[in-house]
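Here is the structure we will look at.
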Amino acid sequence: MPKYEHTKIKRLLKAYPKEVSENYTYSRGILENKLPEEILSNWENVGLSLAQENTHSWECALSFFKVSVEVQQHLPSGQFIGWCDSGLKLTRKSTKISISFFDSSPKTMTRLRPRYIEDWVSRVESLYKGTWKSTILTCNVFELTPTILETISFDQYCKLIEFIESLSNRSYDIASEILETSTKIFSVNFPEIDDLLQLSTSITEAEWRDVKPTYEIILNQIVKLPNANIKLIFDMAKRLFGLSGIHISNFFSMIMKTLALVNKDDRDEILHMVQHVVNNAPYVTMDFLKSVPTLLETLDLNQLDQWKNNGIRLALDQDTNPTPANQFFKLESKMAKDLIDKISSSVELNRIKELMKLYCTGLSGDDVSVANSSNLSEKNIGWTQSDLPTSDGKTIYLPNVVNKYQIKDQNFDYYKVIATHQEALLEFGTFKYDPKIKPKNRKSLKIHNRLKKELNESQEEHATRFAKVLRAIPPFSSDPQLASDLFEIIENYRVDQKIIDKYKGLRNAFINVQYEQVIERKNSSELNEREAMIEEIIKFTLGKRKNFKIRRGFTKEFKAIIGYFLTLKRIDGSVEDSMTVAVRTFDRIARLPNNEPVPDEEIENIDIDESEEDNSSDEYEDEQKINEMMNFFGTPESSENGEYDGDEISPSDELEEEYNSPEPVEYQGDFKPELGQLLTEMLTVEGDDMLGEGEEMQGLTQEQIEELVKNSPDLETKEADENSELDSEANQELLENLMKEIKNRDLDNSSFSGGEPLHFDEEGGPLEATAPDTFTYDEWDFRDVEYKPNWCLLHEKKLADGETNFYKETLTNNSSLVYQIKKQFELVFPEMYRKQKRLEDGEEADLDAGIEALIDLRSNVTPDEKIYWRRNKTERSVAVALLIDMSASTAEAIDDGTKSSNDDWGAPDDPVEYMVWLRSRRAEGLRRSYKRIVDVEKEGIVLMVNSLETLGDDYGVYGFSGYGRENVEFYTIKDLDEKFSDTVSGRIDRIAPLHATRMGPAIRHTISKLENHEARSKFMFLITDGRPQDRGYSREGVEKEYAVYDTRQALLEAKQKGIVPFCLTVDKAGHDYLKTMMDDFSYEVLSDISMLPARLPELYKNLTS
Amino acid sequence: MVKQTYKEVNAEEYIVEKEPFFVPIADEITVFESAYNQRIPVLLKGPTGTGKTRFVEYMAWKINNNKGSTKDVPLITVACHEDLTASDLVGRYLLDANGTRWIDGPLTRSVKSGGICYLDEVVEARKDTTVIIHPLTDHRRTLTIDKLGQVVEADEGFLLVVSYNPGYQNAVKDLKHSTRQRFVAIEFDFPDVERESKIISHEAGVKKDISDQLAILGQKIRNLKEHGLEEGASTRLLIYAARLIKQGISPKRACQVSLTWGITDELQIQETVDQIVSSIFE
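Those protein sequences? They're chains L and A, same order as listed. Letter by letter, the first sequence follows residues 43 to 1147 of my numbering. Letter by letter, the second sequence follows residues 5 to 286 of my numbering.
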């Protein structure tokens, strides 16, 4: 390299933009005094070489001259030249890189020891691979170096560069991104830099794609943690790294999620728990983290620790076999679940659902079911609170988990309290309210009569009696919301008092819960006056007796109202009594102004003495008083006539505060009498006078429900005020849901409201069986009390072959059940080989029989010749036909929550439309991936067939379905005399939901099959999911009875022919029609369909042995 | 000589002397009396522990104490079991030192002595018993004794009463129609809470509040029938519980041993019953 003189350089630089020369001159002016001659010359020559390198390199020279002064301050002369040379070398590779190098140099020099410069440059330079992307990356590194070096050492820096380089081998983009992210991470004084870099390098080698998400979590979440936590997390990460299936990013995000679940103070604790797991059984860490949210729902941290320790012990005990520990931490093993239950103090509904159901069924005497209250709010039919208990008259909804207390038993008791309260609404007749029934309290008769009169006169139509009374007639019509609230308080009080009186064992728990709720309730002094009064009344109903805070002047009202309540309790009143108390209370409360809270001086403390016998005459026995009340509330104008007593508090004309309903009492939950009544009475025939005098209950019309939804203060429609359009939409949805729900429940009593059927099978005559494998059967007409000859045409077909896998899979999946059944069935065998006494010939003489014979001989009586016994194989001669319902309704999912209508009455009568309807129904079924009734039926059949093979009884399996009387389909799955084979198991696979359920002819055909078969005892098992039904089963209105009676007749025929019929149904509503249909035959209604596979063989065994 | 501390009478001389405690639910007393007057055999139907046996005892007493009754009507009860044969009812020859001796069975004794013969759980007995029941329960009113070659005409006072529990699970054990249709049937069911409480308090001598609670409990448990419970709690069991309570055992424990574990082996139901008990009793 030629060396030039200062002046020459100056001249040569003139060829470039003038900033170059300017900066050169400026810098030289300063450096002149600082550097020895030679070095100065080297420096300026490097500058010139830079400029001359290529066409763009003058920019490098410019940067070089700009920063030289600053850089020189930090470097001894030797190193300064080194720096210059490095710059020159870089320029030869890439001007861009070199510019970043120069630009970042001054700041870097403040952080970097001079002797590292070369190392630094060469390391960064190694990133440059000659490509454009690598250029950018290298530039970035230079540019960020000063920032990075602010927080990390050069050693760490070198590691970072190594890591970035190896990452850049995979992707430059990601490397650049990570570089930036790291800078940010380092900039906040990240404590675990070494670990991070080490981990990063490892991750890059193993699964570089995980680097980016890992860094993102670190930057966004982990850096915010205290240093100690970060250390722990990184320690764990290091340990976990390399284990199969673990992504560090995943681990980080799970652990952050876990930490988010607990309080800040508890983070250490939970991290230590995780660490404990990581150290002892690292392979379950992720499962553990995944389970933590579920676990924390029921366990507190100590309990969680205990649970985890058990899991770890399991893992350590079985260190060669990780499966148990895996399942434990995945919450899949029974042990894990039982342990939760054991340690946790909370009680989950799922574990006690069945118990609660039976408990409530037992107490109420109604067939109630129990469900999670969140189910109900999801249905959106008017209930909105997902955690409050409630009831719709048929189902009791309870919260998912109760975790109020430290002690498990207390939590369980709480469940019992809330379940009993809901059950009591049924048991004590709340939903059966009928304004026509007289209240028990004779003093209430005047009110009762007046209500009845008003109701008769009222023109308004309402869906339920509750709705009508609470909304349509005075006094309530003036403020239905207040009326509903008051009635709720009174009715809850009535029911609670009955519970406390009747269920003495529950009394303590009940009173405790009430007491706690009183304490939790609002201080009434913060409430507006009317609300405060109501609040105090609620506290009274919860057992409070002292220190009521009542405004001076209102005490008379309060005491009077409490008097009504006490009377209600004393006379053990009915729901009708509650309503009359509601009238009285409403009359008093509604007249109170709802002004803002009054100052404390105005408040008086009152105690209630319950033992005080209230003998005062009831003012509502006075007709005039009632008239006055009705006028007062009846029409707003009439109240101005001022006929009432002057000292009554008049409804104030001043601006009143808006009335807000009181907070619901937690254990009492949501009280929905209108919906409860509506839904229960849709099911019962007694509901026929729901609409008032003499009116027949015809099922609710769309309008009536709409009206109910619109007017009901019960139904809290969401966002009512915010957006009216939205509101109406929500209403619409609510309405549809309600309709759906009612249809669902309404399995039996709704009148079929499809259009007029086109024809009835009344018309037409007997059918003739011409084709092979067709048969005709008579059908019983219960109205004419005679058979309709050859009324049904039955087509017998063999079910097509299917896969045999289903058969095998079912057996494998139920292996334990199969084993149990087999064991049970084997017990039948010894009975078959039992000692048979009193035979004419046998192994040995029977002593008893012999003595008897001798006695007979001596007393000159012809002795019995049968004096031998023998171990004999008594021939078990049993033939059974299993008849399976293959109707479309068996396509339903067995989860009753999603149960749609299982009624086939909606079927169109026109054959063409019918097929369309059917197809859509079946398509619906096909899309479902969950278990259908028919699947369970199939499983049952498989187990049954398997058991029957063990037993050696003759059996046939048949399915039936059909549409219309001329198309009864009868499918043979296994004929009575057919041997079991793969074909049979294949056919079982083909059992599928088809059409309707015309049971009669199918039963008759089975009878004829059994009749032709020789066996000593013959049985027919009918497995069905509902009542018999088919298109055109007789004329409209009596189809159901017709179908039931025809089936019954067919069963009677069976009995006459010595066949024992048995009906097993999964229709929960089965009891009512089965009672008629099965007369005194045996039947069983399975409450839980999943029991079918187990129950079927058991029943068979009981029945036939 | 050891003093005889027990009372011993021949079966045909067993007369119900003390009025048994019986609370009628409907008109069963009148129906039975009328049936007896007309000598129509009676079938008592109903679940276990509903007072069928007690009713027969009561009726035996009542008939004896009716004005105008001239002769005592003994009550002979036979509890039927699977191995009960016709000769167990009719009688058989026995060996003794001198040869053989004929012994009348309970049915023969009551036919001869003109008493009420009560076959408890008649379906349990072997089928050959029906053969001897048939001629006794129609216009003939005769008992054929094969081995003696005799036909015994029933005494004027004789009446056959059978009881039967229509358990619906076992089809094999059902009463044949030819047998069934020789009886008038009186249905028995559990009494209502008020009556049951009265019965319990009388039988066990407990106070009304306890008998009330037990009666409510009985009703609640019966609600569980068809929900996994095969047979509701009988009044008898409730009385047992009451007696234990009277002896000083805590109500919860008394109910557990007499009811919960008595009526079912199914855990779920047991737990439910326990919970109901603990709700009702303090």
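Even glycine gets a Cβ: it sits at the ideal position worked out from N, Cα and C.
For the ligand FAD, is there any heavy atom lying closer than 7 Å to the beta carbon of A/Y122?
In terms of ligand content, the structure shown is empty, and the ligand FAD therefore cannot be addressed.
Can you grab the Cα-Cα spacing for the pair L/K1117 / L/Y910, in whole Å?
C-alpha separation (whole angstroms): 47 Å.
Take every Cβ of the segment 545-562 of chain L, pair it with every Cβ of the segment 610-627 of chain L, and state whether three or more of those distances are shorter than 8 Å.
Output reads no: the segment 610-627 of chain L does not touch the segment 545-562 of chain L.
Return helix, strand or coil for L/G892, following the three-state DSSP convention.
If DSSP states are grouped into helix, strand and coil, L/G892 belongs with the helices.
Whose Cβ in chain A lies nearer than 7 Å to the Cβ of L/R900?
The contacting residues are G103 and T104.
Can you name the residues of chain L whose CB is closer than 9 Å to the CB of A/E157?
Within chain L, no residue comes near A/E157; the closest Cβ sits about 21 Å away, beyond 9 Å.
Which chain A residues are close to L/S858, counting only those with a beta carbon under 9 Å from its beta carbon?
What L/S858 touches in chain A: nothing, since even the nearest Cβ is about 18 Å away.
Output the boundary residues of the beta strand (DSSP E) element that contains L/C834.
Segment E828 to K840, the beta strand (DSSP E) holding L/C834.
Would L/Q539 pass as an interface residue toward chain A - the criterion being a Cβ-Cβ separation below 8 Å?
By this cut-off, L/Q539 is not an interface position.
Starting from the C-beta of L/W250, find all residues in its chain whose C-beta is less than 7 Å away, skip the five residues before and the five after it, and write them out in chain order.
Cβ within range, chain order: L209 and R212.
If the criterion is Cβ atoms closer than 8 Å, does the pair L/P639 and L/S567 meet it?
Contact: yes.
Please classify L/F582: is it buried, with 16 or more other beta-carbons within 10 angstroms of its beta-carbon, or exposed?
Buried.
Listed in chain order, which residues of the segment 388-403 of chain L have Cβ atoms closer than 7 Å to some Cβ of chain A?
Listed by position along the chain: E396, L397, L400, Y401 and T403.
Report the CB separation of A/K250 from A/V210 in whole angstroms; it is logged as a contact under 8 Å.
Right, the Cβ-Cβ distance comes to about 5 Å (below 8 Å), so this counts as a contact.
Roughly how many whole angstroms lie between the Cα atoms of L/V412 and A/K131?
Cα to Cα, the separation comes out at about 47 Å.
Where are the alpha helix (DSSP H) runs, 4 residues long or more, that stay fully inside the segment 327-396 of chain L, in chain order?
If we require 4 residues or more, the alpha helix (DSSP H) runs fully inside the segment 327-396 of chain L come out as 327-340, 343-359, 365-371 and 376-385.
Counting C-beta neighbours from all protein chains within 10 Å, is the total for A/S38 16 or more, i.e. buried, or is it exposed?
With fewer than 16 Cβ atoms within 10 Å of its Cβ, A/S38 is classed as exposed.
When you check each C-beta in the segment 458-477 of chain L against every C-beta of chain A, which residues fall closer than 9 Å?
Here the close residues are K458 and T462.
Considering only DSSP beta bridges, list what L/V987 is partnered with.
The partner list for L/V987 (beta bridge, DSSP) is empty, contrary to what the question assumes.
Whose Cβ in chain L lies nearer than 8 Å to the Cβ of A/T276?
Residues of chain L passing the Cβ test: L397, L400, Y401 and G404.
With a threshold of 8 Å between beta-carbons, can L/L548 be considered close to chain A, or not?
Yes - at least one Cβ of chain A is within 8 Å of the one on L/L548.
Check each candidate in L/G1006, L/D995 and L/T1066 and name the one with the smallest Cα separation from L/A933.
Nearest of L/G1006, L/D995 and L/T1066 to L/A933, Cα basis: L/T1066.
Go ahead and pull the three-state DSSP assignment for A/F82.
The question names Phe, yet the displayed sequence has Val at residue 82 of chain A. Three-state result, A/V82: strand.
Going along chain A in order, which residues have a C-beta closer than 9 Å to the C-beta of L/S1129?
The contacting residues are E230, H231 and G232.
Any idea what DSSP makes of L/D843, helix, strand or coil?
DSSP places L/D843 in coil when its eight states are reduced to three.
Assuming L/S242 contacts L/F283 under a Cβ cut-off of 8 Å, what Cβ separation, rounded to an integer in Å, is found between them?
11 Å between Cβ atoms; not a contact.
In chain L, which residues lie less than 7 Å from A/N227 when you measure between Cβ atoms?
Correct list: T403, G404 and G407.
So the candidates are L/A887, L/P431 and L/Y447; which of them puts its Cα closest to the Cα of L/Q710?
Measuring from the Cα of L/Q710, the nearest candidate turns out to be L/P431.
Buried or exposed: where does L/R594 fall if 16 or more other Cβ atoms within 10 Å of its Cβ makes it buried?
That one is exposed.
Is L/I264 buried or exposed, if buried means 16 or more other CB atoms sit within 10 Å of its CB?
Buried.
Of all Cβ atoms in chain A, is any one closer than 8 Å to the Cβ of L/V903?
With 8 Å as the cut-off, L/V903 counts as an interface residue toward chain A.
Unbroken alpha helix (DSSP H) runs of length 4 or more, entirely within the segment 525-574 of chain L: which are they?
Those alpha helix (DSSP H) runs which fall completely within the segment 525-574 of chain L and span 4+ residues are 546-562.
Is A/I107 helix, strand or coil when you go by DSSP?
Note: A/I107 maps to strand in three-state DSSP.
Short of 8 Å in beta carbon distance, which residues of its chain neighbour L/L169, apart from the five on each side in sequence? Order them along the chain.
Contacts found: S176, L179, T180, V183, I203, I206, E207 and S210.
Does any CB atom of chain L fall closer than 8 Å to the CB of A/E286?
Yes, contact with chain L.
Closest Cβ-Cβ distance between L/Y1013 and chain D: below 8 Å?
Among the protein chains in the structure shown, which are L and A, there is no chain D.
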